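Numbering (the numbering used here), first residue to last: 579 to 862. Virtual Cβ for every residue (Gly too), placed ideally from N, Cα, C. Small disclaimer: the values here were computed from a predicted structure and weren't measured.
Here's what the structure looks like:
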């Protein structure tokens, strides 16, 4: 119904008066919507890029290596996947507050000491004080805190997808590369990564979709001027559902559906049967 009434000429959602694209044109003239779109894309692209790299390395490591406490580590990795978003959001905002407050106090103390001490010790204290001040500034609510929050819940999803891809990986290919003189870095770059790339892309698309659609965690960890599209829609809906909100929701749904279709298509190519049968080490 949202999609249908986004093309309705009337502002009254329950009455169909004719077809129009005016509400979509209005969106591109709304500076608030454009700013929210910009913030959403910056957060989604930045967090997806970082979480895809970290999640890929984490998933490959968990699939390949055994180490003490691996099962406990896996349990902690699944925590962001299974706990309610509201719990994670509250935990993150408490963490941000503690880090910002403590690092700010450390910055003040170190900068004051640097002026009293002077010399090399004062220079070191001043440098550490400036660093602590930057940390305190970063953890004040804004784009940085939202990106970090999204990375926190995206990494487990990417790692899970990559780890499942590695479960059907033929390790004899890596062994052959080592026999030919390749080191571990070259083996990963030229053998492992190309073979698991469909899984990496799937994980990246999933992370991007989760970031685009997220509301709860973004709402709690964002600051002034960092409104995203889901947060904007939530605020606008409280004043009543209008055709331009229907149009905006339709565009978000369209982007999500396209990403999910790509996800499902790539996921069908990452089944164990798509790679030569291989074995992975047992979890400790």
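Residue 608, DSSP secondary structure in three states: For the purposes of this step, residue 608 is identified with residue 30 of the chain shown, where counting begins at 1. Correct three-state label for residue 608: coil.
Where does residue 586 sit, in a helix, a strand or coil, going by DSSP? Within the chain shown, residue 586 is the residue found at index 8, counting from 1. In the structure shown, the three-state DSSP call for residue 586 is strand.
Whole angstroms are fine: how far does the CA of residue 607 sit from the CA of residue 769? Taking the first residue of the chain shown as position 1, residue 769 is located at position 191. Taking the first residue of the chain shown as position 1, residue 607 is located at position 29. C-alpha separation (whole angstroms): 48 Å.
Is it right to say residue 579 is buried, meaning 16 or more other beta carbons lie within 10 angstroms of its own, or is it exposed? Within the chain shown, the letter at position 1 stands for residue 579. Looking at its Cβ environment, which holds fewer than 16 other Cβ atoms inside 10 Å, residue 579 is exposed.
Can you find at least 3 beta carbon pairs, one from the region 626-643 and one from the region 730-750, that sit closer than 8 Å? yes
Report the rounded CA-to-CA distance for residue 846 versus residue 641, giving the unit in angstroms. Sequence index remark: in the chain shown, residue 846 carries index 268 (1-based). Sequence index remark: in the chain shown, residue 641 carries index 63 (1-based). Going from the Cα of residue 846 to the Cα of residue 641 covers about 20 Å.
Specify whether the region 785-801 and the region 718-734 touch according to this definition: at least 3 beta carbon pairs, one from each stretch, less than 8 Å apart. They touch, by the three-pair rule.
Nearest residue (CA-CA) to residue 780, options 688, 841, 837: Residue numbering aside, residue 780 sits at position 202 when the chain shown is read from its first letter. Nearest of 688, 841, 837 to residue 780, Cα basis: 841.
Buried or exposed (CB count within 10 angstroms, at least 16 for buried), residue 712: On the chain shown, position 134 is the one that residue 712 refers to. With fewer than 16 other Cβ atoms within 10 Å, it is exposed.
Give me the Cβ distance between residue 619 and residue 825, rounded to the nearest whole Å; I'm assuming they're in contact under 8 Å. One-based indexing of the chain shown puts residue 619 at position 41. One-based indexing of the chain shown puts residue 825 at position 247. Actually they do not touch by this definition, with Cβ atoms about 18 Å apart.
Can at least three beta-carbon pairs, one atom from the region 756-772 and one from the region 662-675, be found at a separation below 8 Å? no
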